[in-house]
Each structure stands twice: as structure tokens, then as C-alpha cells.
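Q: Sharing a structure, written as C-alpha cells. Questions coming.
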Amino acid sequence: GCSNCGAKAADLKQDEDVLDTWFSSALWPFATLGWPEKTPALKTFYPNSVLETGFDIIFFWVARMIMMGIHFTGEVPFRKVYLHAMVRDENGEKMSKSKGNVIDPLDLIDACGADSLRFTLAVFAGQGRDIKLAPARVEGYQAFCNKLWNASKFFHFYMQQDGMKKVSAPKEGVADWIKLNRNHLNVTNRWILSLLQDLMETVDKGFDQFALNVSAQALYDFTWHEFCDWYVEFSKLALREDDDFRKETLYVLHFVLEEVLKLLHPIVPFITEEIWQSLPWKYVDPDQVESLMLQRFPLAQKIFKDSEAERTMASLKSMIDALRNFRGENGLSPKKEFSVYYTSQNSATDAFVKLHAQEITTLARVQALIRLNDHVIEGPVAVLPIANPPMELHIALRGLVDVDEESKRLKKEIERIHGDLTVIRKKLSNDAFVAKAPTELVAKEQTRERDLVSKLGELEGALTRLSQLSG
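If you read the sequence shown in our numbering, its first letter stands for residue 48, the second for the next number, and so on.
Here it is in C-alpha cells:
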């Protein structure tokens, strides 16, 4: 009988007016819109276009919404179902209070910002995979948001530079001015506009195919590496001059920054809106409220594609990278300047170096670029091959490096890497570890081994070059 009222079991009756919770949820697509009345909301929003949910409730909820929708309205409630990635802890475990591995999103937002968390989730939102969330990952993408913020500060700084003429917006607007003058722009400006078109295509395709991670990663790579690391550095040369080149570069810098903000806005809405509102020459659709949210999403324009500018910049970047790597491998201070000699096989190479000498010497921090001709460099020489244009960079090593100190540092680092490799290889040669450890942990150790072997090769090569100096 009933422990509360004492009634016999035979007298107890289950409530008949109960609907299973998932069947109740299955009515949601149309019940929320006024059904069974034929309301304007039902006519407008049913059927809808996309349902976003986790794969774990396909049978419980998604299938039942479809069945109920067909039964009561004659139409399916949606045409596409986007199954988002499942968020787990950094070890791939399901979060639960009993395990103590729950990450509170509000704590992450307080620490790193909502945009940083949103971008992290988007970058790792590849379909069919889990998101292993760790606070350190969110902190990493907080650095990306800071990078974007600093790019906008860079623009505003050069807009208001003391002693420089005030630059006004072109009467036709920045976007149309750039379109009209695109063929006459400096190679750096034509290059970044060309790469921007590829970015637009990738982002648009990623959103269209629900590959949020593809769109987010493309935005990260372009914004951090091409725009901030390279374009901003190259543009400093122009922005220090009070001439038309400065004006042109400010226009292109503004245009690219505004387009990137529009592309990023669906993922990181808060920082992009804040920066966009601060821009002086932004285009605002006259029929819309002044908000980035309501501006037209950028689409690629083939007229801006410029393969010649991309080839030129690839050559410049490879030369500057080669010189920077040489400096890093030999432990040279960024302030230490030296001359670089180059070989030339044709007049095109000479013309290239002459045209871009200022960019190369400034960004690589070298004293001068000198044609080698018949000049003989005394002592050991570092030779850095460049594929395009076909040339070699020659650097006299004597006097650049404190051989004894650098040798000690390299040997100590080589010894440390050998020790780390011994530990890792002992693990990987242990059949029990490989068989029982999670596959991700084994893969992580294998990747670390490859990275250490690669680093070891670089250090040993640098040590060999040093030994030539003392010989």
C-alpha cells in the first residue's frame, strides 16, 4: 500500500494526463509559435532552417520533433541539423560534479572575456570531434583578441601622429577609392588586399558548410600572421613618411581592418563592435542602425587578386625570415647589425634588391645589402640560399659571435634535449605504456619526440658552424 495515505496498491492509479518529457519537447518547434492557431508567428517561423544540438539526443529529441512536426503540421520543422562538438575537460573526460572537472564558463568569461571563450570553442568546433577545454587554451585566444585590439591602436596612433598632415577620407569613400586605385597601389598594399580575398572565400565557405573551425582558424592565421606580423611591420615604413604613400597605406589599413572586423563579428561580437565604432571612415548602410552587426558581410572580389604582388612579398618574406633565423640560430641580439652580401645571377635580381633594399634592411635589421661581385669575404661565411629570386645571402661570421660563450650555451641545450629524448624514448619503447596509455597521450609523446629531434638537428648545425669559426 501507499506509505503516505495507507491506500491499497489496487486503489492507486497513475495520472493519465502525463506526457513524456521528450514528447513534450518534440512539440517545441510549433507549440511556441501559437499552434494550433494559425498565427503570423507560425506562418513566419515554421518550418525553420537549422537546428543546432548535440549528437547525444538525436533519437530523444531531434527525431521526435521531426515526427511530431510531420504529424501535426504536415511539414518537417527544419531542413538541416548541425551537431556541435561536445565540450569535455582537457583530458577528454565528460565533465561532472562528482569528478570535480567542471569548468564554469562564467569564471572563464570573468578571467578571459566572452570573446576569447567564443573563439576557443569555434576554433575547436570541428564536426565529429570533442572540444577538450582548458583555461590555458582560452587564455591563448585572449592573446588573439589583444592582438586585434593592438592593430586598431596602431591605426589610430598613425592617424593622429604629431607633425603629420591630417588625412581625410576620400570623397567616394575608402572602399571605392581603393577599388579605383587598386592597380597603382604599393606592392605591400596590393598583397594584403589579394590575401584578404582568399580569407573571405574561406570564411564564407566555412560558415556555409558549418565548418566553424575552418573559418575561425583562417581568421586567426590571417589576422595574427599576415596582417599584424607582416603587413603592420611593412606599413610602418610608409606611415613614417608624410606623403601620398602614407595616405594610401592608411586607407588600405583601415579597409582591411574593417573587413576583418566584419568577418570576425559572428564569432567575437563584443571586441569587433567596440573597435568598429571607433573607426573614423567606416561605411554605414544608410538604411541600417549604426552597428557592425547590421553591415553587409564581405564577399571576395576577384579584381583584387594579384599573383605578382603575392610572389614579390613571398620573396621579401623569405629573405627577411632567412636573416631572422640566422640571427636566432647564432644567438645574435636584435640590436646587433651586420652587412649582408648577395649573389646575383641576372639583372632582375639586382632590380629586386635595389627596389626593396629599405624594407629588407629595416625589417631584418641589417646594415646594408651589398652585391658580392668579385669581393672575397675573409674567414668562415654563412650562406643562406633564396629560391625566388634565385640568389644567395653571404654573411661573414668572424666577429659576430662570441664563440666560447655561444658554444657553451649550445652544448648545454643539446645535453638537455638528449636527456629529454632518453626519457621519452624509454616510454615509447615500453610495450605496456603504448598498449595501455590513452592513444592521445602516446601521440603527444611521439610528437614531442619529433619536435625535439628537429630542434636537436638545428642546434648541432649551429654548433658545427661555430666550430668552423674557431678553426
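Every residue, glycine too, gets a C-beta built ideally from N, C-alpha and C.
From a predicted model like this one, the values you see are computed outputs, not experimental measurements.
Which two residues bound the contiguous alpha helix (DSSP H) that contains residue 536?
A: Outside the shown range of the chain (48 to 518) lies residue 536, about which nothing can therefore be said.
Q: Find the nearest neighbour of residue 377 within the set 389, 406, 428, 343, judged by alpha-carbon distance.
A: Locating residue 377 in the sequence shown gives position 330, counting from the first residue. For the residues 389, 406, 428, 343, the minimum Cα distance to residue 377 belongs to 428.
Q: Locate the beta strand (DSSP E) running through residue 129, then write down its first and last residues.
A: Position 82 of the sequence shown, counted from the start, is the residue given in the question as residue 129. Taken as a continuous stretch (DSSP letters only), the beta strand (DSSP E) holding residue 129 covers 127-130.
Q: Is residue 440 helix, strand or coil by DSSP?
A: Here residue 440 refers to the residue found at position 393 when the sequence shown is read from its first residue. Correct three-state label for residue 440: strand.
Q: Return yes when the Cβ of residue 136 is within less than 7 Å of the Cβ of residue 148, no when it is not.
A: Here residue 148 is taken as the residue at index 101 of the sequence shown, counted from 1. Here residue 136 is taken as the residue at index 89 of the sequence shown, counted from 1. Yes. Within cutoff.
Q: Which one or two residues does DSSP pair with residue 389 in a beta bridge?
A: In the sequence shown, residue 389 corresponds to position 342, counting from 1. 418, 440, per the DSSP bridge assignment.
Q: Would you mind stating whether residue 262 and residue 356 have Cβ atoms separated by less than 7 Å?
A: For the purposes of this step, residue 262 is taken as the residue at position 215 of the sequence shown. For the purposes of this step, residue 356 is taken as the residue at position 309 of the sequence shown. It is not a contact, given that the beta carbons lie outside the stated cut-off.
Q: In the DSSP output, which residue or residues are listed as bridge partners for residue 304?
A: By one-based count along the sequence shown, residue 304 stands at place 257. DSSP, once it has assigned bridges, lists no residue as partnering residue 304.
Q: Helix, strand or coil for residue 217 per DSSP?
A: Walking along the sequence shown from the start, residue 217 turns up at place 170. If DSSP states are grouped into helix, strand and coil, residue 217 belongs with coil.
Q: Would you kindly report the start and end of the unbroken alpha helix (DSSP H) that includes residue 433?
A: Taking the first residue of the sequence shown as 1, we reach residue 433 at position 386. Per DSSP, residue 433 belongs to no alpha helix (DSSP H); it is in the beta strand (DSSP E), 428-433.
Q: Starting from residue 450 and walking both ways along the alpha helix (DSSP H), at which residues does that stretch end?
A: The residue labelled residue 450 in the question sits at position 403 within the sequence shown. 450-475 is the span of the alpha helix (DSSP H), which, as asked, contains residue 450.
Q: Quick one: grab the DSSP three-state call for residue 63.
A: As a first step, residue 63 is located in the sequence shown; it is residue number 16 there, counting from the start. Residue 63 falls in the coil class under three-state DSSP.
Q: Is it buried or exposed for residue 277, if we count other Cβ within 10 angstroms and need 16 for buried?
A: Working through the sequence shown from its first residue, we reach residue 277 at position 230. Residue 277 should be labelled buried.
Q: Between 425, 395, 50, 379, which has its C-alpha nearest residue 388's C-alpha?
A: The residue labelled residue 388 in the question sits at position 341 within the sequence shown. If we check each option's Cα against that of residue 388, 425 comes out closest.
Q: Between residue 99 and the rest of its own chain, which residues show a CB-CB distance below 7 Å, the 5 nearest in sequence each way excluded?
A: Counted from its first residue, the sequence shown places residue 99 at position 52. Contacts found: 129, 131.
Q: So does the stretch 160-170 actually touch the stretch 186-198, counting three or more Cβ pairs closer than 8 Å?
A: At 8 Å Cβ cutoff, the stretches touch.
Q: Quick check: what's the CA-CA separation for residue 61 versus residue 116?
A: Start at 1 with the first residue of the sequence shown, and residue 61 comes out as number 14. Start at 1 with the first residue of the sequence shown, and residue 116 comes out as number 69. The straight-line gap from Cα to Cα measures roughly 28 Å.
Q: Taking DSSP as the reference, what is the three-state secondary structure of residue 105?
A: Translated into the one-based positions of the sequence shown, residue 105 becomes position 58. Reduced to three states, the DSSP call for residue 105 is helix.
Q: What residues match up with residue 178 in a beta bridge as DSSP calls it?
A: Looking up residue 178 in the sequence shown gives position 131. Per DSSP, 134.
Q: Determine, using beta carbons only, whether residue 314 and residue 169 come nearer to each other than 7 Å.
A: Indexing the sequence shown from 1 puts residue 314 at position 267. Indexing the sequence shown from 1 puts residue 169 at position 122. Yes, the Cβ-Cβ distance between residue 314 and residue 169 is below 7 Å.
Q: For residue 294, which residues in the same chain have their Cβ closer than 6 Å to its Cβ, ignoring the five residues on either side in sequence?
A: The residue labelled residue 294 in the question sits at position 247 within the sequence shown. Around residue 294: 214.
Q: Here's a check: name, in chain order, each residue in its chain whose Cβ is nearer than 6 Å to the Cβ of residue 198, leaving out the five neighbours to either side.
A: Within the sequence shown, numbered from 1, the residue matching residue 198 stands at position 151. Around residue 198: 275.
Q: Is residue 68 helix, strand or coil by DSSP?
A: Locating residue 68 in the sequence shown gives position 21, counting from the first residue. In this structure, residue 68 counts as helix in the three-state DSSP scheme.
Q: So what does DSSP say about residue 140, is it helix, strand or coil?
A: For the purposes of this step, residue 140 is identified with residue 93 of the sequence shown, where counting begins at 1. Three-state result, residue 140: coil.
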